[in-house]
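Colleague: One structure, pasted below without further comment.
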Amino acid sequence: MQTAQRIIKKYRQKRVIVCVMVALLTLILTLGIRFISQRNLNQERIQAFATHSVTALDKILLPLQNGRDELQSLVGVPCSEAHLMLRKRAATLQTVRSITLVKEGILYCSSIFGDRNVQIRLTQPALPSSQPQLILSTDQSLLKGSPILIQWYPVSDAGEDGVMQVVNIDLITKMMLEPQSPLITDVSLKVGDKFLRDGQSVTDTLNVPEDTMILRQTSAHFPFTILVSGPGASELALKNLPSELPLAVLISLLLGYIAWLATASRMSFTWEINLGLAAREFELFCQPLLNARTQKCVGVEILLRWNNPRQGWISPDVFIPLAEEHNLIVPLTRYVMTETVRQIGYFPANKGFHIGINVAASHFRNGTLLRDLNRYWFSAHPKQQLIVELTERDALLDGDYRLVRELHRKEVKLAIDDFGTGNSSLSWLEKLRPDVLKIDKSFTMALGTDAVNSTVTDIIIALGQRLNIELVAEGVETQEQARYLRHHGVNTLQGFLYARPMPLKDFPKWLAESSPPPAQRNKPILRIMPLR
Ligand code: C2E
Ligand code: CA
Ligand code: CA
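For the sequence shown, the residue numbers in full-length UniProt numbering are 1 to 532.
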């Protein structure tokens, strides 16, 4: 059996665990959501940057492509005629450094220098070419060493003739390739097998570690790729996470607190009692009451037992006070009434057989007990005598006495339980007019061992006899106690000496087997202290 404190502690521990779990889960979830959204945002930004760079270069190269027919028709035209046209064209395209015409592999006309006679292969080894080419290269003539982007359009099938447009890539790298720390630490332009980084010259290799590469975006119109390096969307989002922590902790604490409030009723012992009632985990036991002289069973007291599948057997000393405290004693007593009526067949069906049920004082309020008895007890018309046991410690309110009178009218007997342990006055007895006084087991046990308490027992017995109230002694465990009580005129005895509380279904067998020993029947009753 468990103590109330242990059970309540267990519930509190469970509740704390649940709330801590809720808070932790919220923390993980909040941080997770923040991480994912930040990572997605980073990814979007990286993508937007690369797209923007590619579009920017496309926008520069597209006009060059669109005007190529006009320029191609100039190839072969003497430079003196074509030169002006080339200059005009270069002037309108701000990003073009120069436009040159090539005939039979010889660069013979330049928008800047006019007539020339240079083998194109000597300055640009990849040219001339029969295919249109985009080449990342280094300027050899005007701004020596500066990066340039060459757009080559061949005219003849052999590729010896063509138009070469040189783009001033240096000017545009700033807007295209400038890193955006901390998201983007490096940006490179790749054309063919050449690379260009912001503020640097053209190189054959990419001087950025491969594993830092987070995005490659290739143009849909021209053969170039933008390479973006950085710590990565996820890593950066992870680094950003500590700054999200205060808000996440606040949210998780709030949810943990809400969970604490929400579980107040669900994760409590009272909730468990409700659950137990619904699942019919409570079982009725009965303990026989014997006539002190004839030793015949004259009735039973119904006692509740709780076989809780989660906690094991729980003593009524644990759950009854808690049920009283949390307004659950009335539903529990209703359960006792209906279950007793359902199993009434186990008891002798005659008026002389008493069935005692324990009722809390709160059940007397507003006539509830009478209504419940009408509904659950009298409706089944049991033959047995009903005794309502009310503990002396429970205070009845003035209004409750009317209900006590009603009970008497209905021939329900009233017993004062645990008599002698409370602080009732004699006037209370007068007012209540109980039919039975149940002497608490502490007084029975004191007989022969504790002088003060056994004197109180004598006084209680005398009081009962004086007021003509039936006496029942509880907790009779020894023959000596039984003998003493019988000798002093206690009518009924109840205790482990005769029987421990048993399941109702076991009662018929016990009744059949118990046969009273006839020897002590003839001893005279001793009136111990006539109270006159
Ligand atoms: P109670 O009404 O005074 O019930 C008598 C208690 O004394 C029972 O304990 C019974 O098992 C125990 N008892 C009987 N004979 C002996 C004996 O010889 N020696 C000892 N040491 N004990 C004996 P139980 O069943 O544990 O019930 C404890 C209390 O719980 C009851 O005291 C009663 O106040 C309450 N209770 C039990 N069932 C109900 C119920 O259905 N409704 C209400 N309101 N209270 C109940
Ligand atoms: Ca009782
Ligand atoms: Ca008692």
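Glycine included, C-beta positions come from ideal geometry on N, C-alpha and C.
In the DSSP output, which residue or residues are listed as bridge partners for ALA415?
Modeller: According to the DSSP secondary-structure assignment, ALA415 is paired through a beta bridge with GLU389 and VAL436.
Colleague: Do THR340 and LEU284 have their C-beta atoms closer together than 9 Å?
Modeller: yes
Colleague: Buried or exposed for SER110, going by 16 or more other Cβ atoms inside 10 Å?
Modeller: buried
Colleague: Which value, in whole angstroms, describes the spacing of the CA atoms of PHE443 and ALA23?
Modeller: 53 Å
Colleague: Can you list the residues near ligand 2, meaning Cβ strictly closer than 5 Å to any non-hydrogen atom, in the order they appear in the chain?
Modeller: A Cβ closer than 5 Å to some heavy atom of ligand 2 marks a residue here, and those residues are ASN358, GLU389 and ASP417.
Colleague: Using the C-alpha atoms, what's the distance from SER229 back to PRO125?
Modeller: Their Cα atoms are separated by approximately 30 Å.
Colleague: Quickly, what does DSSP pair PHE285 with across the bridge? List them, please.
Modeller: LEU303 and PRO503
Colleague: Does ligand 3 have even one heavy atom less than 8 Å from the beta-carbon of LYS413?
Modeller: no
Colleague: Go to GLU470, then tell me how far its beta strand (DSSP E) extends in each direction, as first and last residue.
Modeller: 470-473
Colleague: Let me make sure I understand the geometry here. Which of GLN180, PRO179, GLY159 and GLN151 has the alpha-carbon closest to that of VAL166?
Modeller: GLN151
Colleague: Taking the straight line between their C-alpha atoms, what separation do you get for TRP306 and ILE17?
Modeller: 26 Å
Colleague: Taking VAL412 and GLY256 to be in contact with their CB atoms under 8 Å, please state how far apart those CB atoms are, rounded to whole angstroms.
Modeller: About 51 Å; that fails the 8 Å criterion.
Colleague: In chain order, which beta strand (DSSP E) runs of at least 3 residues are fully inside the stretch 144-200?
Modeller: 147-154, 162-167, 186-191 and 194-197
Colleague: Going along the chain, which unbroken runs of the beta strand (DSSP E) with 3 or more residues stay wholly within the stretch 342-371?
Modeller: 354-358
Colleague: Starting from LYS441, follow the alpha helix (DSSP H) in both directions and report where the run begins and ends.
Modeller: 441-446
Colleague: Return the chain-ordered list of same chain residues with a C-beta closer than 6 Å to the C-beta of ARG532, the five sequence neighbours on each side being excluded.
Modeller: Residue placement at ARG532 cannot be trusted, given a pLDDT of 40 that sits under 50; what the coordinates show is reported in the next sentence. No residues qualify anywhere along the chain.
Colleague: Could you give the distance in angstroms between the alpha-carbon of THR26 and the alpha-carbon of SER252?
Modeller: 5 Å
Colleague: If you measure from the CB of THR391, is any heavy atom of ligand 3 nearer than 8 Å?
Modeller: Correct: THR391 has its Cβ closer than 8 Å to ligand 3.
Colleague: Using the Cβ count rule (16 or more neighbours within 10 Å means buried), how would you classify THR212?
Modeller: exposed
Colleague: Below 8 Å, is the gap between the Cβ of LYS438 and the nearest heavy atom of ligand 3?
Modeller: yes
Colleague: When you compare each of ASP115, MET164 and ASP139 to GLN131 by their alpha carbons, which one comes out closest?
Modeller: MET164
Colleague: Quick one: grab the DSSP three-state call for MET529.
Modeller: Model confidence at MET529 stands at a pLDDT of 47, short of 50, so the residue's coordinates are unreliable and nothing is read from them.
Colleague: For ASP58, which three-state DSSP category applies?
Modeller: ASP58 falls in the helix class under three-state DSSP.
Colleague: Check the DSSP bridge columns for CYS109 and list the partner residues they point to.
Modeller: Partner residues in the beta bridge of CYS109, as assigned by DSSP, are LEU101 and ASP115.
Colleague: Under 9 Å, do GLN217 and ARG45 count as touching if we go by C-beta distance?
Modeller: no
Colleague: Determine the burial state of ARG521: buried for a count of at least 16 other Cβ atoms within 10 Å of its Cβ, exposed for fewer.
Modeller: Residue confidence for ARG521 is low, a pLDDT of 43 falling below 50, so the modelled location carries little weight; the figure read from the coordinates is stated next. That one is exposed.
Colleague: Can you tell me which of PHE347, PRO128 and ARG375 puts its alpha carbon nearest to the alpha carbon of LYS509?
Modeller: PHE347
Colleague: Mind the definition here: the stretch 467-481 touches the stretch 240-252 only if three or more C-beta pairs lie below 8 Å; say whether that holds.
Modeller: no
Colleague: For SER201, which residues of its own chain have a beta-carbon under 7 Å away from its beta-carbon, when the five flanking residues on both sides are left out?
Modeller: THR138, GLY145 and PRO147
Colleague: For ASN40, name the three-state secondary structure that DSSP assigns.
Modeller: In the structure shown, ASN40 sits in a helix (DSSP, three-state: H, G or I).
Colleague: Who are LEU493's beta bridge partners in DSSP?
Modeller: The partner list for LEU493 (beta bridge, DSSP) reads LEU290 and ALA473.
Colleague: I'd like to check one pair, GLU474 with GLN494: are the Cβ atoms closer than 9 Å?
Modeller: yes
Colleague: Since PHE269 contacts LEU332 with CB under 8 Å, what's their CB separation in whole angstroms?
Modeller: Contact doesn't hold; Cβ gap of about 13 Å is too wide.
Colleague: Distance check for GLY312 and GLN384, CA to CA, integer angstroms please.
Modeller: 33 Å
Colleague: Using only the heavy atoms of ligand 1, determine whether one of them is closer than 8 Å to the beta carbon of THR333.
Modeller: At least one heavy atom of ligand 1 lies less than 8 Å from the C-beta of THR333.
Colleague: Would you mind listing the alpha helix (DSSP H) stretches within the stretch 190-251 that are 4+ residues and don't spill past its ends, in chain order?
Modeller: 233-240
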